[in-house]
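Report on the structure given below.
Protein chains in written order, with my numbering: chain A, 1 to 280; chain B, 281 to 760.
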């Protein structure tokens with residue numbers, strides 16, 4: 001029996017948390033066409049993709065315990081900044097690691113990104129299961145997982161929180177839905193868009209792991225290899241940033257009076273909680 | 281101790297009232313450790329003796345009464361303000377200790393813009409004092425990574441240092457006077473003067489005492505004019521730490537005083553600078569600040585020094601300024617880091633030492649090699665130099681490991697203490713100091729006698745003289 005091939009597509013993004021308000025406002029005021037300048041902040045894994053990468057490792061571990069073989073692959077659409085992350089994933093046991101370096105920025109071009117991911121999954125990776133984050137940072141449309149599934153003709157589950165193995169060709173998936181948690185048994189192939197999962201941190205390889213797998217190749221694939229004419233696709237998706245506007249998030253604050261914690265708790269209860277409790 | 285746990289609590293309640301004596305079990309258990317055993321709090325697995333109470337002191341008089349009570353009955357006390365210690369200084373080494381918490385003594389008593397000094401109670405967060413000073417165009421010049429959460433009393437007690445130390449100095453260069461309470465309840469004040477030659481500088485009995493001699497209730501620190509508009513950032517990549525140390529030395533010996541002067545090794549640089557540095561790059565960076573002429577001359581001087589090292593490649597200064605603007609750790613980053621550890625069992629620890637220019641690179645190389653070769657499950661071993669002087673610099677070892685095969689309570693014995701041991705051994709072997717700015721705490725007491733050599737006599741005598749009954753933070757600085 002051949003191993004189940006799981007592909008995780010991830011994105012390396014600027015650390016938006018490291019931007020100051022002034023950086024956002026400068027982007028809004030002076031350079032709306034190009035957006036906020038993010039070149040100078042460090043890069044991080046998109047948090048939803050980080051969950052997907054760790055969930056895939058855990059799924060692989062759980063399948064191994066049941067005697068099922070798994071072959072993990074990682075793909076990122078991006079430049080040189082993705083290389084350290086791909087090396088880390090290889091050290092963690094991802095057998096295949098590749099990046100597709102587009103010749104132009106793919107901001108606001110979800111259909112192009114989806115074509116690249118779908119092309120890689122079918123033409124190169126021959127994946128059985130595709131995991132990816134349900135969305136990435138500011139400016140992201142959140143549509144990539146749906147578009148990938150559409151291109152592949154696979155079912156797509158969103159807001160995935162957990163994945164467990166059932167049989168060799170089936171997984172049990174927990175997804176967040178409006179009124180609770182939905183548990184579904186899926187026959188593969190499928191696309192899983194990972195949401196706000198409890199598992200949010202990728203494990204860390206040791207220096208020994210890195211040394212042992214340092215010679216494994218990171219593939220660099222072009223759009224042409226995948227049958228995607230990126231420049232032409234981009235021209236069909238002429239989405240440009242028109243402007244940026246700050247959101248006033250200031251909230252009114254009240255300093256609760258009182259000399260002791262007991263007095264402060266009483267004042268807080270009387271002024272804010274008592275009336276709410278009475279309405280229950 | 282001649283009192284039961286209950287009698288200790290009752291005695292404290294008589295002194296400060298019941299509301300300010302905290303006996304909630306969860307608070308006590310959490311207060312039995314500091315960041316040295318942070319995994320015990322993260323995973324809620326505790327092994328240290330549980331304190332009898334946390335007592336909130338609201339005045340110098342209350343501190344004096346508590347210390348008098350403790351001294352009379354032999355109760356071990358642990359002075360605390362912001363609770364950000366990293367070396368076990370806040371651990372309760374013996375059962376039924378009392379934590380004296382000064383965080384409610386949080387008034388800024390004066391900001392004297394003419395005499396350029398500010399006086400604050402021990403529980404004033406440094407960030408609050410700094411923000412108030414900046415309203416008047418002034419700065420304390422003190423900016424440790426813990427600035428958003430650390431308090432003035434603790435910063436002085438642990439002899440802290442900030443990110444701008446190369447210009448402004450450590451806290452010992454900033455404190456001009458203070459008030460402290462010694463065992464038995466004796467209140468002492470050291471007056472605020474620019475300098476004096478009236479015998480030994482007794483500020484240094486108090487600064488860095490880590491709660492093992494006295495409780496600091498008030499401090500007066502220097503103020504400086506604040507010129508952020510002149511801040512100039514400079515950065516280079518290079519391939520080896522030896523060159524980096526050499527450049528730092530040349531800058532210092534040439535007489536330039538950048539506020540920030542650092543060199544990162546490739547591992548540590550990878551955590552911050554991988555968006556512009558290659559995986560095998562070291563990163564050298566500086567910040568020049570001050571009045572316009574000074575900032576400009578400093579930046580130009582540094583440029584000239586580095587230009588003589590063609591192996592250094594200059595990078596866009598905005599990489600450095602952007603990094604610098606996100607350097608301090610507030611509660612949000614601490615919470616995120618705790619969650620990362622909870623999920624991955626991957627722990628980040630740091631140990632800082634200092635040495636002269638001749639030895640620092642050897643210590644860095646030897647200690648790093650031994651950590652990688654001797655300690656299991658290491659995921660990163662590196663560091664940076666971040667505080668330089670005319671005669672040497674520090675090395676801030678920064679390392680990560682996966683905790684494998686043991687519970688969180690054994691992390692210190694399997695990984696952390698052996699690594700500290702390697703770093704201390706390699707440092708002492710070459711004449712350096714085993715602690716540059718975190719304090720001895722309890723973690724580094726095994727090496728304190730070797731650190732001091734024959735001058736340990738002075739340290740030990742201070743302890744016996746000021747704390748004859750041994751009630752002050754037992755096991756801190758002086759081994760138990």
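All residues carry an ideal CB built from backbone N, CA and C; glycine is no exception.
Using only CA atoms, which one of the options lies nearest to residue i?
i	options	result
residue 282 (chain A)	A:20, A:8, A:26	As shown, chain A starts at 1 and ends at 280. That puts residue 282 (chain A) outside it, with no answer to give.
residue 629 (chain B)	B:289, B:317, B:290	B:317
residue 391 (chain B)	B:435, B:412, B:474	B:412
residue 88 (chain A)	A:68, A:67, A:158, A:45	A:45
residue 634 (chain B)	B:654, B:612, B:676	B:676
residue 588 (chain B)	B:756, B:446, B:523, B:488	B:523
residue 730 (chain B)	B:743, B:715, B:744, B:741	B:715
residue 689 (chain B)	B:313, B:304, B:289	B:313
residue 356 (chain B)	B:447, B:375, B:397	B:375
Please state the DSSP three-state secondary structure of residue i.
i	result
residue 647 (chain B)	helix
residue 430 (chain B)	coil
residue 201 (chain A)	coil
residue 327 (chain B)	coil
residue 745 (chain B)	helix
residue 722 (chain B)	coil
residue 668 (chain B)	strand
residue 678 (chain B)	strand
residue 260 (chain A)	coil
residue 136 (chain A)	coil
residue 693 (chain B)	helix
residue 489 (chain B)	coil
residue 5 (chain A)	strand
Mind checking which residues open and close the alpha helix (DSSP H) that includes residue i?
i	result
residue 701 (chain B)	697 to 709
residue 660 (chain B)	Premise fails: residue 660 (chain B) lies in the beta strand (DSSP E), 658 to 665, not in any alpha helix (DSSP H).
residue 351 (chain B)	340 to 353
residue 623 (chain B)	611 to 624
residue 446 (chain B)	445 to 448
residue 578 (chain B)	572 to 587
residue 544 (chain B)	Per DSSP, residue 544 (chain B) belongs to no alpha helix (DSSP H); it is in the beta strand (DSSP E), 540 to 544.
residue 252 (chain A)	No alpha helix (DSSP H) holds residue 252 (chain A); DSSP gives it neither H nor E.
residue 119 (chain A)	110 to 119
residue 95 (chain A)	First-last for residue 95 (chain A): undefined, no H or E at that position.
Shorter than 7 Å from the beta carbon of residue i to some beta carbon of chain A?
i	result
residue 554 (chain B)	yes
residue 746 (chain B)	no
residue 678 (chain B)	no
residue 707 (chain B)	no
residue 598 (chain B)	yes
residue 614 (chain B)	no
residue 446 (chain B)	no
residue 420 (chain B)	no
residue 756 (chain B)	no
residue 605 (chain B)	yes
residue 658 (chain B)	yes
residue 602 (chain B)	yes
I need the boundaries of the beta strand (DSSP E) containing residue i, first residue and last residue.
i	result
residue 414 (chain B)	No beta strand (DSSP E) contains residue 414 (chain B), which is instead part of the alpha helix (DSSP H) from 406 to 415.
residue 594 (chain B)	593 to 595
residue 512 (chain B)	512 to 518
residue 715 (chain B)	Premise fails: residue 715 (chain B) is in no beta strand (DSSP E) and is neither H nor E.
residue 73 (chain A)	70 to 77
Would you say residue i lies against chain B (beta-carbon separation less than 7 Å)?
i	result
residue 201 (chain A)	yes
residue 40 (chain A)	yes
residue 18 (chain A)	yes
residue 5 (chain A)	no
residue 157 (chain A)	no
residue 43 (chain A)	yes
If we cut at 7 Å on Cβ distances, does residue i have a partner in chain D?
i	result
residue 298 (chain B)	In the structure shown, chain D cannot be found, because the protein chains are A and B.
(message) Output needed in chain order: residues of the stretch 617 to 633 of chain B with a Cβ under 8 Å from some Cβ in chain A.
(response) Near chain A, meaning a CB-to-CB distance below 8 Å, the residues of the stretch 617 to 633 of chain B are 619, 620, 623, 624, 626.
(message) Any C-beta of chain A within less than 9 Å: which residues of the stretch 641 to 655 of chain B qualify?
(response) Result list: 652.
(request) May I ask you to list, following chain order, the residues of the stretch 77 to 91 of chain A that have a beta carbon less than 7 Å from some beta carbon of chain B? (result) Within the stretch 77 to 91 of chain A, the residues whose Cβ lies closer than 7 Å to some Cβ of chain B are 81, 84, listed in chain order.
(request) Please name the residues in the stretch 201 to 219 of chain A whose beta-carbon is closer than 7 Å to at least one beta-carbon of chain B, in chain order. (result) Within the stretch 201 to 219 of chain A, the residues whose Cβ lies closer than 7 Å to some Cβ of chain B are 201, 203, 204, 205, 206, 207, listed in chain order.
(request) Using a Cβ-Cβ cut-off of less than 7 Å, list which residues of the stretch 249 to 268 of chain A approach chain B; keep chain order. (result) Those residues of the stretch 249 to 268 of chain A that come within reach of chain B (Cβ to Cβ, closer than 7 Å) are 260, 261, 262.
(message) Beta carbons nearer than 9 Å to chain A: which residues of the stretch 293 to 317 of chain B have them?
(response) Taking 9 Å as the upper bound on Cβ-Cβ separation, chain A lies near residues 297, 299, 300 of the stretch 293 to 317 of chain B.
(request) Scan the stretch 681 to 697 of chain B for residues whose Cβ lies nearer than 7 Å to a Cβ of chain A and list them as they occur along the chain. (result) Residues passing the 7 Å Cβ filter: 682.
(request) Taking only beta carbons into account, state which residues of the stretch 537 to 562 of chain B come closer than 8 Å to chain A, listed in chain order. (result) Sequence-ordered contacts of the stretch 537 to 562 of chain B with chain A read 550, 552, 553, 554, 555, 559 [C-beta pairs closer than 8 Å].
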